[in-house]
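Working notes, structure below.
2 protein chains.
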Amino acid sequence: MKDLSTQLAILTDSVAEIVPLDAFKVKLATAIETQTPLRIKFGADPSRPDLHLGHTVVLRKLRQFQDCGHHVDFIIGDFTASIGDPTGRNKTRPPLTAADIAAYSETYQAQVFQILDPKKTTVHYNSHWLGALSQTDLIRWLSTVTVQQLLARDDFTKRYHSQVPIHLHECLYPVLQAYDSVHVRADIECGGTDQKFNLLLARDFQKTADQPQQAVLMMPILEGLDGEKKMSKSLGNAIGITDTPADMFGKIMSIADPLMFRYYALLTDWSSKRIDDLRQAIESEATHPMDAKKQLAHLIVTERYDTAAADTAHAQFE
Amino acid sequence: MKDLSTQLAILTDSVAEIVPLDAFKVKLATAIETQTPLRIKFGADPSRPDLHLGHTVVLRKLRQFQDCGHHVDFIIGDFTASIGDPTGRNKTRPPLTAADIAAYSETYQAQVFQILDPKKTTVHYNSHWLGALSQTDLIRWLSTVTVQQLLARDDFTKRYHSQVPIHLHECLYPVLQAYDSVHVRADIECGGTDQKFNLLLARDFQKTADQPQQAVLMMPILEGLDGEKKMSKSLGNAIGITDTPADMFGKIMSIADPLMFRYYALLTDWSSKRIDDLRQAIESEATHPMDAKKQLAHLIVTERYDTAAADTAHAQFE
């Protein structure tokens, strides 16, 4: 395992928030001292199997954990996927059949393992334990959460006050997700900042279950090509991880200059220090922004394919 | 079966609200025409097995339905009783063991069948169907209810705005109770006005399940001996249905005069017309209020025991 200061530098770089930071540091130090890999939880919704670079922000961080010697518990949320959104309102969450889920999970894993190290990953399907959870146990877990807590969640607050219906089953999903952490005894959970409530709820659940509480590491949400909205297939501002090298290169070249630094931070292994140096070089006109962007596109295409593919894409672009 | 106008007169007298009244009348008319008894649902919480006269307000109405030729589905809520209130906050809802529930249910039934006709009653334990409800089905039912709907419930609105925690499992209980109506295919459900939300939610559930919707008949909440607060053992203002004839007689004699008419309406079979006549007789001093109260006490003790017991209690009181 890498030493503590190296791990801390890599793992905390470009992170939005770590809660609680002290406990996170202690966990890392203990893992190194005892040479026991930490269990890093990551939950995935298999009903959206086509990944784009926005999804890779968290996945790349998970890979950094693996490269530091830790282990990822990759939880496929097949239990809720089989239910979907029964209100039919949520088109991104249609109920999936067992065959759908199997197929989607395979596609999903094929893509995820382009980034994660399969040797340091355990894949779980949460239907294995959620399907076996009794109504009584479910009700006991529900009793530990209040409506007030839930309505304090950003998106729920907005919907509540603007009279957009919040259905009761939606209140259940964070509870089930938090219970996953109890089941796998996660040391750390990674997710986007939009998952903050759910990630922190898992800490409460682990406390109730008399387990050590996970630390939570939240990554920023990546903007799409427009530089404003969250990257999303349905908004047409996404770079798919299965896009061709030429498409990927061209799309990255199309972004506005300020977004470039954000992509360097969240889609490459460049340190914040190195990105700051680049920014200064551009500001002092020592480096042309177009060259810096080509370098970014080359780095990203190389990581997803290889140097030869990046060279070809670069040549095609010129 | 009694004819429609007789049934309507008896069944709607002293009722707080019937929703929807038109459907209620149609159901009665159809039952009489086809000589098919209506199924009247009544749900009971076995964790409070000691009944007082407040509980008999709804039970007496159910008995009137039976006397008109209808059938009562008496549902013992053993499923939620076995869970209780996991927060431990609610002392009236401790979790009960299977043995507790069996004992409490027996006590409860012994008391209930002092009022209901056992030949026209089916006793159900809702654990039979709720225990078998899958998580998937539960989640589908939850998806039909919104947080906004739930928070519109009187007690929840108050608690939400005064920051008194509402736990998520409490949101589940109305859903389970509404599902009971689907399971027994209730034609009518009786309850107190404090149950309005749950009683009406069952109508929504039956609609979702493509069943005819139950009509809901709500009885007023009976005031205790103080004439102000709801009758309740814990407030010390209750008349237990197992109180001795002398205690029962004495307690009734202790109430303030205005409360007497309320007790006549809700605890005897006197019609509103007859009670109005009595009120006028008292106002015109043709009848002494003390005599009217003795008559009330005599009626109530006779119903719970017999005429001889009432006579003795009356004699002891003088």
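Sequence lines, in order, name chains E and X.
Using this note's numbering, you'd call the opening residue of the first sequence number 3 and step up by one each time.
Using this note's numbering, you'd call the opening residue of the second sequence number 3 and step up by one each time.
For each residue, glycine too, the CB sits at the ideal point set by N, CA and C.
Small disclaimer: the values here were computed from a predicted structure and weren't measured.
Alpha carbon of residue i to alpha carbon of residue j, nearest angstrom
i: Q282 (chain X); j: D271 (chain X); result: 19 Å
i: M360 (chain E); j: Q297 (chain E); result: Nothing about residue 360 (chain E) can be read from this structure; chain E reaches only from 3 to 320.
i: L55 (chain X); j: V218 (chain X); result: 22 Å
i: A105 (chain E); j: C192 (chain X); result: 50 Å
i: Q66 (chain E); j: A204 (chain E); result: 23 Å
i: P214 (chain X); j: Q208 (chain X); result: 7 Å
i: T210 (chain E); j: I190 (chain E); result: 17 Å
i: D259 (chain X); j: E19 (chain X); result: 25 Å
i: E285 (chain X); j: S274 (chain X); result: 16 Å
i: L269 (chain X); j: G194 (chain X); result: 14 Å
i: I117 (chain E); j: D308 (chain E); result: 13 Å
i: Q37 (chain X); j: T146 (chain X); result: 35 Å
i: W131 (chain E); j: F263 (chain E); result: 42 Å
i: D196 (chain X); j: L152 (chain X); result: 14 Å
i: T314 (chain X); j: E305 (chain X); result: 14 Å
i: T159 (chain E); j: D15 (chain X); result: 45 Å
i: A33 (chain E); j: K27 (chain E); result: 10 Å
i: Q216 (chain X); j: L13 (chain X); result: 16 Å
i: D24 (chain E); j: Q68 (chain E); result: 21 Å
i: K295 (chain X); j: Y265 (chain X); result: 10 Å
i: P96 (chain X); j: G133 (chain X); result: 19 Å
i: A100 (chain E); j: P120 (chain X); result: 48 Å
i: L10 (chain X); j: V125 (chain X); result: 26 Å
i: F115 (chain E); j: I277 (chain E); result: 27 Å
Opposing strand residues paired with residue i [DSSP bridges]
i: K296 (chain X); result: Note: K296 (chain X) sits in no beta bridge, so no partner.
i: K4 (chain E); result: None; K4 (chain E) has no bridge partner.
i: D75 (chain E); result: E:K43 and E:T124
i: I190 (chain E); result: E:I42 and E:A217
i: E108 (chain X); result: Per DSSP, none; premise fails for E108 (chain X).
i: V184 (chain X); result: V184 (chain X) pairs with nothing; no bridge assigned.
i: T148 (chain X); result: E:H169
i: V21 (chain X); result: X:V218
i: G242 (chain E); result: E:H54
i: K232 (chain E); result: E:E225
Beta-carbon proximity of residue i to residue j, cut-off 8 Å
i: M220 (chain X); j: V303 (chain X); result: no
i: I85 (chain X); j: I141 (chain E); result: yes
i: L40 (chain E); j: Q113 (chain E); result: no
i: L98 (chain E); j: L144 (chain X); result: no
i: S129 (chain E); j: K43 (chain E); result: no
i: Q137 (chain E); j: L261 (chain X); result: no
i: F81 (chain X); j: A46 (chain X); result: no
i: G238 (chain E); j: I257 (chain E); result: no
i: P88 (chain X); j: H185 (chain X); result: no
i: K235 (chain X); j: I223 (chain X); result: no
i: I78 (chain E); j: S49 (chain E); result: no
i: Y127 (chain E); j: Q150 (chain X); result: no
i: H316 (chain X); j: H300 (chain X); result: yes
i: L202 (chain X); j: V21 (chain X); result: yes
When the options are compared against residue i, the one with the closest alpha-carbon
i: V17 (chain X); options: X:T32, X:L64 and X:R50; result: X:L64
i: I168 (chain E); options: E:Y181, E:A180, E:Q179 and E:A154; result: E:A154
i: A83 (chain X); options: X:Q208, X:A294, X:D102 and X:E285; result: X:D102
i: F199 (chain E); options: E:D212, E:R50, E:S7 and E:Q179; result: E:Q179
i: V60 (chain E); options: E:A267, E:V166, E:V149 and E:H290; result: E:A267
i: K4 (chain X); options: X:G71, X:R62, X:D293 and X:K29; result: X:G71
i: D212 (chain E); options: E:Y181, E:Q197, E:D196 and E:I12; result: E:Y181
i: A188 (chain E); options: E:K29, E:F319 and E:R161; result: E:K29
i: Q318 (chain E); options: E:S7, E:G252, E:Y265 and E:D196; result: E:G252
i: M292 (chain X); options: X:P176, X:L201, X:E320 and X:F158; result: X:E320
i: Y110 (chain E); options: E:R62, E:D156, E:P51 and E:D15; result: E:P51
i: P247 (chain X); options: X:L23, X:A288 and X:A311; result: X:A311
i: V74 (chain E); options: E:K122, E:F115, E:R91 and E:A31; result: E:K122
i: E35 (chain E); options: E:P22, E:L23, E:T58 and E:S7; result: E:S7
i: G226 (chain E); options: E:H57, E:A31 and E:V21; result: E:H57
Residue i beta carbon near the ligand NAD (any heavy atom closer than 7 Å)
i: N128 (chain X); result: Of ligands this structure carries none, so the ligand NAD is not represented either.
Residues from the region 139–159 of chain E in contact with chain X, defined by Cβ distance under 9 Å: L140, I141, R142, W143, L144, S145, T146, V147, T148, V149, Q150, Q151, L152, L153 and F158
Residues in the region 116–138 of chain E having any Cβ partner in chain X nearer than 8 Å: L132, G133, L135, Q137 and T138
Chain X contacts from the region 47–79 of chain E (Cβ-Cβ distance under 7 Å): Under the 7 Å Cβ criterion, the region 47–79 of chain E contributes no residue.
Residues of the region 186–197 of chain X with Cβ closer than 9 Å to any Cβ of chain E, in chain order: none
Under 9 Å (Cβ pairs) to chain E, residues found in the region 31–43 of chain X: Taking 9 Å as the Cβ-Cβ cut-off, the region 31–43 of chain X has no residue approaching chain E.
Members of the region 222–239 of chain X near chain E, C-beta cut-off 8 Å: none
Near-chain E residues of the region 83–102 of chain X - C-beta to any C-beta below 8 Å: Going along the region 83–102 of chain X in chain order, one finds S84, I85, D87, P88 and T89 with a Cβ nearer than 8 Å to chain E.
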